[in-house]
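Novice: Per our numbering, the very first residue in the sequence shown carries number 5; after that it's consecutive. Provided herewith is a single structure, encoded as structure tokens, for subsequent inquiry.
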Amino acid sequence: MDECYKCFALGERTLLFDAVSVDGIIKICRRCSLKENIPIIKKPNTLKLKESEKNQTVYDRISKISGVDRKQNIFEQKKELLKKQETSLKDIVDKNFRMNFKQEEKSKDDLINNFHWIIMRARRSKKLTQEQLAKEIEEPVIAIQMVEKGVFPEDNFRFIIKLENYLKIRLLKPEIAEKIKEQKKFDLDEDTTKELTISDLQEMKEKRESKILGNEYIEKEDLSNEEIDDLIFGRK
């Protein structure tokens, strides 16, 4: 028969509780537990269990009965939410991109005749959908859809050149392509200067010094030594 760990009172005479002591799980009466400061292990009663069940939502109880993994369901909900957010973001990008498109004869004059048919045939020959092509050249799908309808983004030669390079086709008229090529030639403007590394500038300085000694000729590098030093040491 169970008895109190401290006072040895029998379980039939007093209420005994499970408690934790240095010797492990023991039986102890309430008075001894308070006196010895030994914590009692409280077991949930029927009322508390019922209250716990009430706190569960209807969805929780149905999930438990049907064996549905609630954690898995929460993951699916988050996945669906992210999908909706991506869709909303895509709609915003498409809307902004559509606003930048202007169907003007002036911009079309820069392209060869039936450029939209050429793009569509080249894409299909590669067995790509509009979505796949957009992903490959890192542009919005709306851009591919619009250009295949003959609507060209005004002055957006970067997009057209991307299509030319990936699809291995020519869309720009020769004179326009030559004009763009000329514009891309090395020119030490503000943007180009930002892209130069210190080693590039030091090399330019060495070449200029060689030129002074009559050992080498330098093309298109017209910065003075002082200007190069300013760029190297961040004085400008």
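The beta-carbon is built from N, C-alpha and C at its ideal position, and this holds for glycine as well. Quick caveat, the model's predicted, so the values are computed rather than measured.
Round the Cβ separation of D22 and I42 to the nearest angstrom and send it over; I've been treating them as touching at under 8 Å.
Specialist: About 11 Å; that fails the 8 Å criterion.
Novice: Cβ-heavy atom distance between K46 and the ligand SAH below 7 Å?
Specialist: Looking for the ligand SAH in the displayed structure turns up nothing, as the structure carries no ligands at all.
Novice: Nearest-angstrom Cα distance between M124 and E84?
Specialist: So the alpha carbons of these two residues sit roughly 33 Å apart.
Novice: For A23, which three-state DSSP category applies?
Specialist: It is a strand residue.
Novice: Going by DSSP, what residues sit across from L38 in a beta bridge?
Specialist: Paired residues: none, contrary to the question.
Novice: Should E186 go down as buried or exposed, given a rule of 16 or more other Cβ atoms within 10 Å for buried?
Specialist: Result: exposed.
Novice: So for L247, helix, strand or coil by DSSP?
Specialist: Because the chain here runs from 5 to 240, residue 247 falls outside it and cannot be looked at.
Novice: Does the separation of the CB atoms of I184 and K166 fall below 8 Å?
Specialist: Cβ atoms of I184 and K166: not closer than 8 Å.
Novice: Measuring alpha carbon to alpha carbon, tell me which residue in Y170, C8 and I122 is nearest L20.
Specialist: If we check each option's Cα against that of L20, C8 comes out closest.
Novice: Excluding the 5 residues preceding and the 5 following A13 in the sequence, name in chain order all residues of the same chain whose CB lies nearer than 6 Å to its CB.
Specialist: Only C33 meet the Cβ criterion.
Novice: Whole angstroms is fine: what's the gap from F163's alpha carbon to R174's?
Specialist: Rounded to the nearest angstrom, the two C-alpha atoms are 13 Å apart.
Novice: Which one or two residues does DSSP pair with C33 in a beta bridge?
Specialist: In DSSP, C33 forms a bridge with L20.
Novice: Return the CA-CA distance between R128 and I116, expressed in angstroms with no decimal places.
Specialist: Straight-line Cα distance between these residues: approximately 19 Å.
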